[in-house]
Amino acid sequence: MDLNELLAIAEHENAMRRSICIRCCTALGCQSAGSLSLKQRLEEAVAEVDRTDIEVMGVGCMGLCGHGPLVRVDPEGTLYEHVRAADAPSIVAALDGGEATAPKGDPHHPFFTLQKRIVLENSGIIDPERIESYIAAGGYQALYHALHEMTPAEVIDAVTRSGLRGRGGAGYPTGLKWATVAKSHGDRKYVVCNADEGDPGAFMDRSIIESDPHKVLEGMAIAAYAVGADQGYVYVRAEYPLAIQRLQRAIAQARRHGLLGAQIFDSGFTFRIDIRVGAGAFVCGEETALMASIEGRRGQPRPRPPYPAESGLWGRPTLINNVETFANIPPIIRNGAEWFAAIGAETSKGTKVFALTGKIRHTGLIEVPMGVTLRQIVEEMGGGVPDGRVKAVQTGGPSGGCIPAALLDTPVDYESLQRVGSIMGSGGMVVMDDATNMVDVAHFYMEFCKDESCGKCIPCRAGTAQMLHMLDLIRAGQATAADLEQLEQLCVMVKETSLCGLGQSAPNPVLSTMKYFRQEYETLLADRGRTGETMDG
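Counting in the numbering used here, the sequence shown runs from 30 upward without gaps.
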């Protein structure tokens, strides 16, 4: 395929568009609420009225997941929420002046208007199961531009100047990682997409793949060209069947069109992508454990150095980024590094996708510029807590911390979240109300980390188990003030001596809740009136 063929596909796809498009969300969450039967009924309703100017399109996540299934009618932008299959005829009739039985949503609500969509620019708009739909939205033009108008070094320089940092959680500069892999010597190099999203309450990567799989593939291909790789892997957890299905279809379509495989765009660049399905071990989100799993070994981390950039898959240089990081690449190449660098905060450029969940009115998937405050996200976009007040916001999943309501004006960027005892993580954001027991929250996350520990290193294997035991005793009123100090000391030890990120970050929910909500721990101690004995006693 050459550029003219790509543009011809886009032109044909756009020419075939009807004047009215009824977009029905077919992401996994909406499917579970009946969106597939809804889409079928919409198609039947359109056929019944014999309107050739209307098309029904299945699309990815529209964002407002808690109000699904969602339907949007374009070009006027009418949004319907909680739509049932029985509402389909009335939605079609409303196009001729009738009244739809489905409740209308507000597309001008801050949930939508405060977003800046870069990664999610196509989500809820294109058909994720048709490559032509992605190409019509400008897809794969960035890859062509990189292959024919930029050198690998220029691609890396653009990513570096953009200020993009890894969206998997650590926030490592993406351009620096790419440059390290490019400079590493090896007879072969690999590019790996980490789609092993395992944080409770997180569904960012799953939704991106379900909604716009070709964008991730294009980002991986650009990265492979930049670092000199010819083989890529997407490591995705088995609990994401729809994401896997759409990814498989996207890879097959890209191969058929010559956008993956040999001599892409009639260049000397060859790149293939395969899928590896993980069994659901949380620790496999850690890059060295992930690579071990791809190689067919038990998913356990290893000490670093050597880092994957120098010695990764099968001992060869390997670039590992997560789904959202790769999805940022095509827009950066298409619009320029300066465009991306102008968005966000001083040290955290661009946007961040969050899964907004918990005790909040509007749950769903959002993408906001770095530097917005937690208050803007929780109170304006999320609509606040339905009954009661916000007590805390937990960011970063089991690796993050609980931020109290008093700190809701904290900007959402890497350094600001770290200063208050949490992390950005991959993008989970759980809102808790004033009825939430924070000791129970710490116990929940510690139980998760203990169960997911691979057991390779003693600090994590034994430390998480002991921390969970101590929390059990605290909740049962069988601990003393001295035991709280012992728990804090154990948290610090596990944090500083564990082998990988799972153990190093496992104490964060405990430490943050003890810092900001210590009275809840002390109340449990005082209720039993015990002041002298320790847990060991």
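Quick reminder that beta carbons are idealized off the backbone N, C-alpha and C, glycines included. Model, not experiment: these values are computed from the prediction.
Rounded C-beta distance between glycine 425 and glycine 454? I'm assuming under 8 angstroms.
3 angstroms
Leucine 246 to threonine 299 span [Cα, whole Å]
14 angstroms
Point to revise | Coil, strand or helix - phenylalanine 355 by DSSP | key: helix
* To do: Could I get the ranges of all uninterrupted alpha helix (DSSP H) runs contained in the segment 104 to 170, with 4 residues as the minimum, in chain order?
  => 117 to 122, 139 to 142 and 160 to 165
Length of the line joining the Cα atoms of valine 539 and glutamate 444: 20 angstroms
Excluding the 5 residues flanking histidine 177 on each side, which residues of the same chain have their C-beta closer than 6 angstroms to its C-beta? none
In three-state DSSP terms, what is methionine 467? helix
Whose C-beta lies closer than 7 angstroms to the C-beta of proline 118 among residues of the same chain, with five residues either side of it excluded?
Ala74
Which parts of the segment 170 to 242 are runs of the alpha helix (DSSP H), unbroken and 4 residues or longer, counting only runs that do not cross its ends?
-> 170 to 178, 181 to 191, 203 to 212 and 233 to 240
Worksheet item: Is arginine 333 buried or exposed, if buried means 16 or more other CB atoms sit within 10 Å of its CB?
Response: exposed
Q) Starting from methionine 320 and walking both ways along the alpha helix (DSSP H), at which residues does that stretch end? A) 316 to 323
Inset, instruction - Sort Asp241, Ala211 and Tyr264 by Cα distance to alanine 258 and report the nearest one. - result: Ala211
Among Met496, Ala279 and Ser534, nearest to glutamate 576 - alpha-carbon criterion: Only positions 30 to 566 of the chain appear in this structure, which leaves residue 576 out of reach.
- [ ] With DSSP as the reference, label cysteine 520 as helix, strand or coil.
- [x] helix
Worksheet item: Is serine 482 near alanine 370, with beta carbons less than 7 angstroms apart?
Response: no
_So for cysteine 486, helix, strand or coil by DSSP?_
coil
Contact the segment 321 to 329 vs the segment 298 to 313: 3+ CB pairs below 8 angstroms: yes
(Q) Taking only three categories from DSSP, how would you classify arginine 363? (A) helix
inquiry  = Using a Cβ-Cβ cutoff of less than 7 angstroms, which residues in the same chain neighbour threonine 560 once the five nearest sequence positions on both sides are dropped?
reply    = Bear in mind that a pLDDT of 43 at threonine 560, under 50, signals an unreliable position, so the number given afterwards is only what the model happens to contain. Excluding residues within five positions, the ones whose Cβ falls inside 7 angstroms are Thr509 and Ala510.
So what's alanine 62 in DSSP terms, helix, strand or just coil? coil
Task: Candidates Phe140, Lys479 and Cys222: closest to glycine 95 by CA position - done: Phe140
message: Could you pull the DSSP bridge partners for leucine 446 from this structure?
response: Per DSSP, none; premise fails for leucine 446.
**Message:** Taking contact to mean 3 or more Cβ pairs, one atom from each stretch, closer than 8 angstroms, check whether the segment 212 to 226 and the segment 240 to 255 are in contact.
**Reply:** yes
Beta-carbon separation (whole angstroms), proline 132 vs tyrosine 109, contact threshold 8 angstroms = 7 angstroms
Exercise. Report the residue from Gln282, Thr354, Gly328 and Val148 whose alpha carbon sits nearest the alpha carbon of alanine 199.
Key: Thr354
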